[in-house]
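These notes are about the structure you will find just below.
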Amino acid sequence: MDEYLEYKDFNESTNKRKRNIGKPYWNAELQQRLLETNKTEKEFLKFKGDRRIRKQLENNYKLKRREFDKHGKKSMLNFFQNEANNEFIDEMEKLNSRWKQELSNIDIETGIENEHTANAINDQISLEETKQALRSVKLGKAVGIDNLPNEILRNDNLTNV
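One point on numbering: in the working numbering, the residue at position 111 of the sequence shown is 107, and numbering is uninterrupted.
Right under this line is the structure:
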């Protein structure tokens, strides 16, 4: 989802690399913490000495990674709660109101848009409708719970009862 968000550059920078950051909530502090985390990870992975020191380096890396994740989440929350980014919230509210308007036309009990269609559905089923439905059944299909094959149901002598 983050890669589809539009990036807004609030500070005019000539550095092309900073300008094309994919996540809009990314800032210099997060970049610094990422570099620190990567450095501690390299130290941990490259160390081939005493296991106690290696465990200490591993714990140090885990700590840096947790700090980076924590600040990343904070930055993201702050970005989306910022007043400059209320466009997203406004768009969601418009969409929500449109959904409410569209769903208000549908009857909750039947799930049908208007009463005329609901009345047509609740009419008695005629013999002609039953015959037409039985004629449209595909042959050679598996039997249902009644254990009658479609070939028998399609027989006209059965509907003349």
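Cβ atoms here follow ideal geometry from the backbone N, Cα and C, with glycine treated the same way. Fair warning: this is a prediction, and the values are worked out from it, not measured in the lab.
{"Item": "Please state if the CB of F64 and the CB of L26 are separated by a distance shorter than 9 Å.", "Value": "yes"}
{"Item": "Are there 16 or more other CB atoms within 10 angstroms of the CB of K134, so buried, or fewer, so exposed?", "Value": "exposed"}
{"Item": "Whose C-alpha, out of I121, P145, R61, is nearest the C-alpha of Q28?", "Value": "R61"}
{"Item": "If I measure Cβ to Cβ from L53 and keep anything under 7 Å in the same chain, skipping five residues before and after, which residues do I get?", "Value": "E39, F40, F43"}
{"Item": "Note the first and the last residue of the continuous alpha helix (DSSP H) segment covering Y57.", "Value": "47 to 77"}
{"Item": "Rank H67, Q77, Q97, E37 by C-alpha distance to the C-alpha of K58 and give the top, closest one.", "Value": "E37"}
{"Item": "Helix, strand or coil for S122, going by three-state DSSP, please let me know.", "Value": "coil"}
{"Item": "What did DSSP end up calling R131 once you bin it into helix, strand or coil?", "Value": "helix"}
{"Item": "Taking just the CA atoms, how far does N34 sit from D46?", "Value": "21 Å"}
{"Item": "If I follow the unbroken alpha helix (DSSP H) through N82, where does it start and stop?", "Value": "82 to 100"}
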